[in-house]
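Novice: Residue numbering for the sequence shown follows my numbering, beginning at 2 and increasing consecutively.
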Amino acid sequence: MFFAEVLLSCLIEAPLLPPIVFRNHSTSTPRRKAVRESAALPAHPAPAPLAQRASKTRMKLVGLTGGIACGKSTVTKLLRSAGIAVIDADEIAHSVTARGAWGYRRVVAAFGPSILSSDGQLDREALASLVFRDAALRRRLNSATHPAVGLELARQILVAWLCCRPVVVVDMPLLFESGFARLTHPTVLVACSPAVQLQRIMRRDGLAPPAAEARIAAQMPLEAKRKLASICLDNDGDHEALAAQVQQLVQRLWRRAWLHRVVLSPLGLVAAAAAIALLW
């Protein structure tokens with residue numbers, strides 16, 4: 002893990018954005034501001050030393066997280082449609098636990114063949130019902146999958162850096178719990194009120210209230226995440242309100258990335274040198 006942190010510290014950019022909060026306001030209010038400073042939230046803690054050592058011309062690694070059924074997947078789609086590179090930890094977890102993969106073998110070794118479906122794939126619903134009820138089983142699952150997820154995550158970050166991506170968002174449900182947040186800045190939280198969250202997960206997953214509440218309780222409380230995040234997207238409203246907040250976020254992320262994207266890109270430098278050689 003130390004080697005991975007040192008490698009990432011050589012690739013990622015130093016923190017640039019101040020703590021802010023995006024709030025959802027009624028669309029009927031004239032001249033609605035999508036971005037407001039929040040005096041209620043505590044100041045973001047000092048950046049980690051690894052991030053402080055990084056140069057401002059390096060890749061910006063942004064952390065994205067959220068509570069279950071708060072709309073994080075929607076934010077990911079909006080970011081990708083705006084041209085932001087997104088690495089999805091959930092997608093990685095699914096790929097490394099596909100049948101025959103290293104993560105798959107570790108999960109089967111940890112839980113036994115009872116969590117397999119008839120076709121030999123992981124029965125993800127059965128596994129979820131187990132781990133959401135038992136913290137010890139959740140830790141066992143995390144221990145089984147995190148090594149494979151971490152390696153693939155590092156590989157994708159390295160590929161993004163080699164492709165001269167100035168901004169990369171890492172979508173990670175356990176961003177704060179895993180400690181990965183200290184390698185990212187800003188950290189973005191997608192949140193909503195408890196009542197809205199409960200209704201959404203019941204409607205989305207077809208769960209009864211006790212089962213839905215158990216899944217919410219299995220995660221770090223949203224209020225605790227609010228205190229750790231530097232940016233909060235409020236998703237109590239409709240899709241248009243959330244999209245407006247994401248647009249504001251994208252503008253802030255791109256604002257300081259243009260120098261890397263246009264001037265300092267290695268491919269840009271090669272292209273400029275080739276043009277000079279041809280025109281000389």
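Using N, Cα and C, we set each Cβ at its ideal position, and we do this for glycine too.
None of these values were measured; they are calculated from a predicted model.
Using a 10 Å radius around the Cβ and a threshold of 16 neighbouring Cβ atoms, would you call residue 170 buried or exposed?
Specialist: Here residue 170 refers to the residue found at position 169 when the sequence shown is read from its first residue. It is buried - the Cβ of residue 170 has at least 16 other Cβ atoms within 10 Å.
Novice: Do the stretch 96-108 and the stretch 214-224 touch if we need at least three Cβ pairs shorter than 8 Å?
Specialist: Verdict: no, contact absent.
Novice: I need the DSSP call for residue 88, collapsed to helix, strand or coil.
Specialist: As a working mapping, residue 88 is identified with position 87 in the sequence shown. Residue 88: strand per DSSP, three-state reduction.
Novice: If we ignore side chains and look at the alpha-carbon of each, how far apart do residue 248 and residue 121 end up?
Specialist: On the sequence shown, residue 248 is found 247 positions in, with the first residue counted as 1. On the sequence shown, residue 121 is found 120 positions in, with the first residue counted as 1. In a straight line, the C-alpha of residue 248 is about 42 Å away from that of residue 121.
Novice: Kindly identify the DSSP beta-bridge partner or partners of residue 233.
Specialist: Here residue 233 is taken as the residue at index 232 of the sequence shown, counted from 1. In DSSP, residue 233 forms a bridge with 190.
Novice: Cβ atoms of residue 225 and residue 133: under 8 Å apart, would you say?
Specialist: Here the question's residue 133 lines up with position 132 in the sequence shown. Here the question's residue 225 lines up with position 224 in the sequence shown. No, Cβ-Cβ distance for residue 133 and residue 225 is not below 8 Å.
Novice: So, for residue 124: in the same chain, excluding its five sequence neighbours on each side, which residues have a beta-carbon less than 7 Å away from its beta-carbon?
Specialist: On the sequence shown, position 123 is the one that residue 124 refers to. These residues qualify, in order along the chain: 116, 117 and 118.
Novice: Let me check understanding here. Comparing Cα to Cα, which of 160, 137, 177 and 81 lies closest to residue 229?
Specialist: The residue you call residue 229 lines up with position 228 of the sequence shown. Taking only the C-alpha atoms, the option nearest residue 229 is 177.
Novice: Does the stretch 128-144 come into contact with the stretch 98-111, if we say contact requires no fewer than three beta-carbon pairs (one atom in each stretch) closer than 8 Å?
Specialist: Verdict: yes, contact present.
Novice: Of the choices 71, 138 and 156, whose alpha-carbon is the least far from that of residue 240?
Specialist: Residue 240 sits at position 239 when you count from the first residue of the sequence shown. Residue 240 has its Cα closest to that of 71, out of 71, 138 and 156.
Novice: Hey, how far is the Cα of residue 174 from the Cα of residue 181?
Specialist: On the sequence shown, residue 174 is found 173 positions in, with the first residue counted as 1. On the sequence shown, residue 181 is found 180 positions in, with the first residue counted as 1. For residue 174 and residue 181, the distance between alpha carbons rounds to 11 Å.
Novice: Report the CB separation of residue 232 from residue 243 in whole angstroms; it is logged as a contact under 8 Å.
Specialist: The residue labelled residue 232 in the question sits at position 231 within the sequence shown. The residue labelled residue 243 in the question sits at position 242 within the sequence shown. That pair is no contact at about 13 Å.
Novice: Roughly how many angstroms lie between the CA atoms of residue 191 and residue 100, to the nearest whole one?
Specialist: Numbered from 1 along the sequence shown, position 190 holds the residue referred to as residue 191. Numbered from 1 along the sequence shown, position 99 holds the residue referred to as residue 100. Straight-line Cα distance between these residues: approximately 32 Å.
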